[in-house]
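Participant: Structure below; questions to follow.
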Amino acid sequence: MRIQPIFITLFTLLLALTACSSSPQSTTEAVVPTRLELAVLPTDTPLPATATAVPPIPATATSTPTPEPTATATPTATPTATAVPFGAITTIGYSAGARPIESYQFGNGATNIILIGGIHGGYEWNSILIAYEFIDYILENPDIIPETITLHIIPSANPDGQFKVTGVNGRFRESDVSTNTVPGRFNDNNVDLNRNWDCNWQPTGIWRDQTVSAGPHPFSEPENIALRDFIVPRNPAVTIFYHSAFNAIFMSGCPAIGPRTRALAELYATAANYPTYEEFPSYPITGDAGDWLTTQNIPSITVELSTHFSLDWTRNLNGLLAVLEHYGQ
Ligand SMILES: [Zn+2]
Numbered sequence: 339m340r341i342q343p344i345f346i347t348l349f350t351l352l353l354a355l356t357a358c359s360s361s362p363q364s365t366t367e368a369v370v371p372t373r374l375e376l377a378v379l380p381t382d383t384p385l386p387a388t389a390t391a392v393p394p395i396p397a398t399a400t401s402t403p404t405p406e407p408t409a410t411a412t413p414t415a416t417p418t419a420t421a422v423p424f425g426a427i428t429t430i431g432y433s434a435g436a437r438p439i440e441s442y443q444f445g446n447g448a449t450n451i452i453l454i455g456g457i458h459g460g461y462e463w464n465s466i467l468i469a470y471e472f473i474d475y476i477l478e479n480p481d482i483i484p485e486t487i488t489l490h491i492i493p494s495a496n497p498d499g500q501f502k503v504t505g506v507n508g509r510f511r512e513s514d515v516s517t518n519t520v521p522g523r524f525n526d527n528n529v530d531l532n533r534n535w536d537c538n539w540q541p542t543g544i545w546r547d548q549t550v551s552a553g554p555h556p557f558s559e560p561e562n563i564a565l566r567d568f569i570v571p572r573n574p575a576v577t578i579f580y581h582s583a584f585n586a587i588f589m590s591g592c593p594a595i596g597p598r599t600r601a602l603a604e605l606y607a608t609a610a611n612y613p614t615y616e617e618f619p620s621y622p623i624t625g626d627a628g629d630w631l632t633t634q635n636i637p638s639i640t641v642e643l644s645t646h647f648s649l650d651w652t653r654n655l656n657g658l659l660a661v662l663e664h665y666g667q
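Here the sequence shown stands for residues 339 to 667, numbered as in our numbering.
Here you go:
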């Protein structure tokens, strides 16, 4: 992770040097970029346009110190020069229905934590609203983000499914939610996005007592490609998916639950007062997002809110605060 600022600097230099020539390499979707390119591009692109945003150093409001004290350590100069503004929004990709998928960034620390709401769209609309509540809270309380942490929040990972139920792109209100939420589980290809990842993938998945489309092959859906290509290069210490409504924390694992995922689940569950499960007890789940992330050595848990309506706000704020404190040490 420590090499990332260097590459950001190099990338910025390259941008400056080649400003007049459009680089087909960096925009081609068919070519799979290297991990470092993926790591740099999304965080780098919003920089020029967001110069007016609040800088991510809220603690230094006391005085205007001379810059000399930091002159000795050269590495510290580069991160501040390329820091992503607090709360900056990046579009990480588009849905099957061409709706943007957005990520909010808080902090510029070396340890990445990623929260994902709404992979089941409008059917689990409260898993989207809790992500927006987190965003509001962090903007009002920026000092909860430790200096060592970069927190990314992707509130709505299935914007097609959200739109089917709310009629709204982007942030919506509870009053926008229609009564029949079932169609909102799927994207505009009618695929269940949490059956489409490459761990135990099957062409049809199971949801309750019915089968659902898992796509023609793993990662057939643009939403999941965007999530995968955003998450993996950042090598996060924590990924948390929000769902509803089982009132529990589930540990991801493919083929088995690793110790880092187990520790994360127990930390969050204790703080938020949820029971933990190693496996979903009601029916087998194939192609799960968190399970696949563990194949990339990325710890992952699922928070199942207690109902399809409640945010379980205090519980989940306590869960997030515990994660920030623990991984921010
Ligand atoms: Zn779900």
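Just so you know, even glycine gets a beta-carbon here, dropped at the ideal spot from N, CA and C.
Let me confirm a value: residue 380 is counted as buried when at least 16 other C-beta atoms fall within 10 Å, else exposed. Which label applies?
Facilitator: Model confidence at residue 380 stands at a pLDDT of 40, short of 50, so the residue's coordinates are unreliable and nothing is read from them.
Participant: Should residue 617 be listed as close to ligand 1, given that the test is whether its C-beta is under 7 Å from any heavy atom?
Facilitator: No; taking the cut-off as 7 Å, the Cβ of residue 617 has no heavy atom of ligand 1 nearer than that.
Participant: Going by the CB atoms, is the gap between residue 633 and residue 454 shorter than 8 Å?
Facilitator: No; because the gap between Cβ atoms is not below 8 Å, this pair is not in contact.
Participant: I'd like the list of long-range same chain contacts for residue 563, defined as Cβ closer than 8 Å, with 5 residues on each side in sequence excluded.
Facilitator: Closer than 8 Å at the Cβ level, and outside the excluded window around residue 563, lie 431, 557.
Participant: Just to confirm, does residue 559 get its C-beta within under 7 Å of one of the non-hydrogen atoms of ligand 1?
Facilitator: No - ligand 1 has no heavy atom lying nearer than 7 Å to the Cβ of residue 559.
Participant: Report the start-end ranges of each beta strand (DSSP E) in the region 433–492 that is 3 residues or longer and not cut off at the edges.
Facilitator: Segments of the beta strand (DSSP E) lying fully in the region 433–492: 438–444, 449–455, 487–492.
Participant: Exposed or buried, what is residue 445 when buried is set at 16 or more other beta-carbons lying within 10 Å of its beta-carbon?
Facilitator: Under this definition residue 445 is a buried residue.
Participant: With H, G and I counted as helix, E and B as strand and the rest as coil, what does DSSP make of residue 535?
Facilitator: The answer is coil: DSSP assigns residue 535 none of H, G, I, E or B.
Participant: Going by CA-CA distance only, name the one from 537, 517, 495, 607 that's closest to residue 644.
Facilitator: Per the Cα distances, 607.
Participant: Please name the residue, chosen from 635, 598, 616, 603, that lies closest to residue 569 on a Cα-to-Cα basis.
Facilitator: Of 635, 598, 616, 603, the residue nearest in Cα terms is 635.
Participant: Among residues of its own chain, excluding the 5 on either side of residue 648, which ones have a beta-carbon nearer than 7 Å to its beta-carbon?
Facilitator: Excluding sequence neighbours, residue 648 sits near 464.
Participant: Evaluate residue 493 with the Cβ neighbour count: other Cβ atoms within 10 Å of its Cβ, from every protein chain shown; 16 or more gives buried, anything less gives exposed.
Facilitator: Under this definition residue 493 is a buried residue.
Participant: Let me know if residue 601 comes out buried or exposed under the rule of 16 or more other beta-carbons within 10 Å of its beta-carbon.
Facilitator: Its Cβ having fewer than 16 others within 10 Å, residue 601 is exposed.
Participant: Is residue 462 a contact residue of ligand 1, with contact defined as CB to any heavy atom under 7 Å?
Facilitator: For ligand 1, at least one heavy atom lies less than 7 Å from the Cβ of residue 462.
Participant: Alpha helix (DSSP H) containing residue 627: first to last residue?
Facilitator: Looking at the DSSP string, the run of the alpha helix (DSSP H) that includes residue 627 is 627–633.
Participant: Out of curiosity, what's the CA-to-CA distance linking residue 554 and residue 527?
Facilitator: In a straight line, the C-alpha of residue 554 is about 10 Å away from that of residue 527.
Participant: Just checking, does the region 527–547 make contact with the region 462–482 on the three C-beta pairs under 8 Å criterion?
Facilitator: The region 527–547, when compared against the region 462–482, does not touch it at the 8 Å Cβ threshold.
Participant: May I have the straight-line CA-CA distance separating residue 642 from residue 426, to the nearest angstrom?
Facilitator: So the alpha carbons of these two residues sit roughly 27 Å apart.
Participant: Report the residue from 629, 610, 586 whose alpha carbon sits nearest the alpha carbon of residue 599.
Facilitator: Of the candidates 629, 610, 586, the one whose C-alpha sits nearest the C-alpha of residue 599 is 629.
Participant: With residue 548 as the anchor, note down where its beta strand (DSSP E) starts and where it stops.
Facilitator: Run containing residue 548: 548–551, per the beta strand (DSSP E) assignment.
Participant: What three-state label does DSSP hand residue 570 in the structure shown?
Facilitator: DSSP places residue 570 in helix when its eight states are reduced to three.
Participant: Taking Cβ to Cβ, would you say residue 651 is nearer than 8 Å to residue 478?
Facilitator: Cβ distance not < 8 Å, so residue 651 and residue 478 don't count as in contact.
Participant: Using a threshold of 8 Å, state whether the C-beta atoms of residue 664 and residue 581 are closer than that.
Facilitator: Contact: no.
Participant: Is it right to say residue 619 is buried, meaning 16 or more other beta carbons lie within 10 angstroms of its own, or is it exposed?
Facilitator: Burial call: exposed.
Participant: Return the chain-ordered list of same chain residues with a C-beta closer than 8 Å to the C-beta of residue 559, the five sequence neighbours on each side being excluded.
Facilitator: Taken in chain order, the residues that qualify are 434, 525, 527, 529, 531, 534, 553.
Participant: Work out the CA separation of residue 516 and residue 537 for me, nearest whole Å.
Facilitator: Going from the Cα of residue 537 to the Cα of residue 516 covers about 33 Å.
Participant: Looking at the strands, I want to know which residues DSSP matches up with residue 543.
Facilitator: For residue 543, which the question treats as bridged, DSSP gives the partners 550.
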